[in-house]
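2 protein chains.
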Amino acid sequence: MDDWSIQEIAKLAGTTSRTLRHYDDIGLLAPSRIGGNGYRYYDDRALVRLQRIMLLRDLGLGLPVIAEVLDREASAQHALLGHLEWLRNEQERLARQIASVERTIGALEGGERLMADQMFDGFDHTQYKEEVEQRWGKDAYAKSDAWWRGLSADEKAAWRERATTLGTDWIAAFERGIDPAGDEAQALAQRHFEWLRGIPGTPGGGAGGPTKEYFLGLAEMYVADDRFGANYGGPAGAEFVRDAMTVYAERNL
Amino acid sequence: MDDWSIQEIAKLAGTTSRTLRHYDDIGLLAPSRIGGNGYRYYDDRALVRLQRIMLLRDLGLGLPVIAEVLDREASAQHALLGHLEWLRNEQERLARQIASVERTIGALEGGERLMADQMFDGFDHTQYKEEVEQRWGKDAYAKSDAWWRGLSADEKAAWRERATTLGTDWIAAFERGIDPAGDEAQALAQRHFEWLRGIPGTPGGGAGGPTKEYFLGLAEMYVADDRFGANYGGPAGAEFVRDAMTVYAERNL
DNA sequence: CTAGAGGTTGACGCTGCGTCAAGGTCAAGT
DNA sequence: ACTTGACCTTGACGCAGCGTCAACCTCTAG
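Below, the structure written as structure tokens:
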């Protein structure tokens with residue numbers, strides 16, 4: 001008989017018997033013959049198929065796809081081209097992750113600078129301490145400060161990114177000239193509300209979310225103070241944001 | 001109560017309630033409070049922890065590692081540096097895979113050239129047809145040829161690589177001047193035997209492996225024909241290989 | 001006759017949740 | 001009071017590809 005036992009063919013192809021049993025289970029590669037004792041035996045045609053399987057597997061293709069290719073249900077080119085996209089996307093993902101990890105490590109080694117960051121809705125955290133304390137009390141500032149300082153540099157970056165995204169969305173909405181009381185602007189106000197809610201220790205943080213006073217107070221401050229307003233496209237944009245927020249507050253808070 | 005329901009905190013952190021239950025299950029993030037009805041509730045401290053979890057998770061860290069970092073059992077720097085290695089290795093792996101896939105696609109598009117490849121132990125497949133037929137008959141050549149043509153370009157490359165590796169190992173052994181009858185050289189002869197066995201359709205392919213005649217015939221041919229001998233470091237190397245193979249054949253075949 | 005190598009069929013484990021399934025709870029509307 | 005409907009709970013399977021026991025035959029050599 002010109003065939004091999006399961007371990008023999010496994011060695012020839014550089015794999016394991018367990019793998020071959022698995023391939024049998026899922027129908028990818030059946031033994032060419034099964035002995036009366038239940039033993040699996042493979043011939044040279046099976047070896048060729050197995051070698052193709054190993055090759056495609058090493059290229060990263062999934063077993064179902066390999067089965068399609070080998071059974072002529074799909075062309076190898078097509079499958080490989082699709083797979084190539086996958087691989088490239090994965091590589092980009094990894095590149096981004098590597099960059100993020102490097103930046104994070106750098107930040108940690110840099111002593112985890114906590115200051116010179118933005119908070120309280122885009123404020124530099126320490127620079128505007130007086131305004132915050134004056135408006136919402138020393139306690140509000142202290143609690144928020146403690147929370148903020150507890151975050152790592154990257155976490156802060158994430159928060160800033162959320163703030164930035166929200167800001168640019170506000171600006172885009174303003175520039176399109178939509179109605180501050182319309183659905184779209186109100187949806188933004190809703191997001192603004194949720195965002196504030198995510199800052200523990202402030203009058204806005206907590207399950208209930210910002211109080212009406214805090215929400216309206218912020219809205220007015222965006223207009224009154226250009227340092228805030230800058231985050232929303234300047235005085236005109238800030239007015240738009242304030243209007244939308246005011247409508248939202250009246251309707252929901 | 002300054003806390004949130006499971007869905008609320010999930011939205012605040014940009015994840016799902018299922019994930020939070022999972023984190024509870026594995027002990028990564030327990031709810032700060034559990035209602036009499038079994039509901040999970042999370043406070044601001046839990047939110048901060050959750051946000052850190054999401055950040056580290058986005059960097060690609062595993063949940064157990066994240067737990068260690070957050071519980072101060074391991075430093076973030078250390079964990080991230082280790083992770084960075086992981087990521088770089090993965091990226092290299094992907095790069096190699098991408099290159100392989102591209103080469104394979106190119107080969108397929110190139111019409112899958114089957115000739116100008118090596119076989120029958122390093123022979124150019126078609127170039128030495130006569131010798132092969134003369135030594136082992138037309139049938140041997142035809143069967144092996146059919147098998148060989150059935151392989152893809154990459155599969156052939158894999159076979160050549162195995163041949164090359166074996167060849168360089170032989171050469172290295174020869175240059176170190178070891179005993180052809182010693183354990184090391186005999187182990188190489190064993191590998192040579194296994195390798196020949198993996199070529200179906202030849203006098204060497206099949207469960208039993210090469211016959212003694214085929215094995216010895218090849219060994220002599222390595223010495224007699226420089227085209228073979230070149231694969232084993234020239235005439236002197238070929239003699240070493242022949243001696244080792246002869247000993248092996250006498251002992252085991 | 002027995003040991004040892006090798007074969008068989010289950011079945012769990014791993015990573016990180018997504019996705020039902022079956023069934024309580026709660027606020028709102030009728 | 002009753003019914004929705006939204007949200008909560010605890011299981012438990014599924015995925016990709018095998019590694020790794022476990023418990024139990026089978027074959028070969030001494």
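One line per chain: the protein sequences are A and B, in this order.
Quick note on the UniProt record's numbering: the first sequence kicks off at 1 and runs consecutively.
Quick note on the UniProt record's numbering: the second sequence kicks off at 1 and runs consecutively.
We put the beta carbon where it would ideally sit given N, CA and C, even for glycine.
Is the segment 66-75 of chain A close to the segment 86-97 of chain A, with three or more CB pairs under 8 Å?
no
Inter-residue Cα distance where the pair is leucine 188(A) and alanine 172(A):
11 Å
Cβ-based burial, arginine 242(A) [other Cβ within 10 Å; buried from 16]:
buried
For the beta strand (DSSP E) containing tyrosine 41(A), name the first residue and the last one.
40-43
Where do the ends of the alpha helix (DSSP H) carrying serine 17(A) lie?
17-25
Opening and closing residue of the beta strand (DSSP E) in which serine 5(A) lies
3-5
Is the distance from the Cβ of isoleucine 105(B) to the Cβ of leucine 81(A) below 8 Å?
yes
Using a Cβ-Cβ distance cut-off of 8 Å, determine whether glutamate 194(A) contacts chain B.
yes
Answer yes or no: does any C-beta atom of chain A fall closer than 8 Å to that of lysine 11(B)?
yes
Let me confirm a value: alanine 236(A) is counted as buried when at least 16 other C-beta atoms fall within 10 Å, else exposed. Which label applies?
exposed
Of the residues that make up the segment 84-113 of chain B, which ones have a beta carbon closer than 8 Å to any beta carbon in chain A?
Leu84, Leu87, Arg88, Glu90, Gln91, Leu94, Ala95, Gln97, Ile98, Ser100, Val101, Glu102, Thr104, Ile105, Leu108, Glu109
List, in chain order, every chain B residue whose beta-carbon is nearer than 9 Å to that of alanine 189(A).
Per Cβ cutoff of 9 Å: no residues; alanine 189(A) is ~16 Å from chain B at best.
For a test of the three-state rule: what should DSSP assign to arginine 33(B), helix, strand or coil?
strand
Taking the alpha-carbon of residue 266(A) as reference, which of Met54(A), Ile26(A), Ile34(A), Asn37(A) has the nearest alpha-carbon?
Because residue 266(A) is not part of the residues shown, which for chain A are 1 to 253, the question remains open.
Considering only C-alpha positions, which residue in the set Thr246(A), Trp195(A), Glu175(A) is nearest to glutamate 8(B)?
Trp195(A)
Below-8 Å beta-carbon distance, arginine 242(B) vs any chain A residue
no
Residues in its own chain within less than 6 Å of aspartate 244(A) by CB, not counting five upstream and five downstream?
Correcting the residue type first, residue 244(A) is alanine in the shown sequence and not aspartate. Here the set comprises Pro180, Ala185, Ala189.
Exposed or buried, which one is isoleucine 66(B) when buried takes at least 16 other CB atoms within 10 Å?
buried
Any chain A beta carbon closer than 8 Å to glutamine 127(B):
Because the pLDDT at glutamine 127(B) is just 42, under 50, the model does not fix this residue reliably, and the point stays unresolved.
If I follow the unbroken alpha helix (DSSP H) through residue 256(A), where does it start and stop?
Since the first residue of chain A shown is 1 and the last is 253, residue 256(A) is not available in this structure.
Can you give me, in chain order, the residues of the segment 67-81 of chain B that have a beta carbon less than 9 Å from any beta carbon in chain A?
Ser75, Ala76, Gln77, Leu80, Leu81
Strictly under 8 Å for the Cβ-Cβ distance: is arginine 33(A) near chain B by that measure?
no
Which listed residue (Arg49(B), Phe193(B), Tyr232(B)) has its alpha carbon closest to that of arginine 251(B)
Phe193(B)
So aspartate 183(A) is in the alpha helix (DSSP H); what residue range does that whole segment cover?
183-197
Would you tell me roughly how many angstroms separate the C-alpha atoms of isoleucine 34(A) and glycine 27(A), rounded to the nearest one?
15 Å
Tell me whether leucine 61(A) sits in a helix, a strand or coil according to DSSP, three-state version.
coil
According to the neighbour-count rule (16 or more other Cβ atoms, all chains shown, within 10 Å of its Cβ), is residue 254(B) buried or exposed?
The structure shown does not extend to residue 254(B), since chain B is modelled only from 1 to 253, so the question has no answer here.
Determine which residues of the segment 33-61 of chain B have a Cβ less than 7 Å from any Cβ of chain A, and write them out in chain order.
Asp44, Leu47, Val48, Gln51, Arg52, Leu55, Leu59, Gly60
Secondary structure at tyrosine 128(B), three-state DSSP: helix, strand or coil?
Legend: pLDDT at tyrosine 128(B) = 45, less than 50; position of this residue unreliable, no value from coordinates given.
Under the three-state reduction of DSSP, which class applies to leucine 47(A): helix, strand or coil?
helix
What residues from chain B crowd round arginine 197(A), counting only those whose CB sits closer than 9 Å?
Trp4, Glu8, Leu12
Between leucine 108(A) and glutamine 77(B), is the Cβ-Cβ spacing less than 8 Å?
yes
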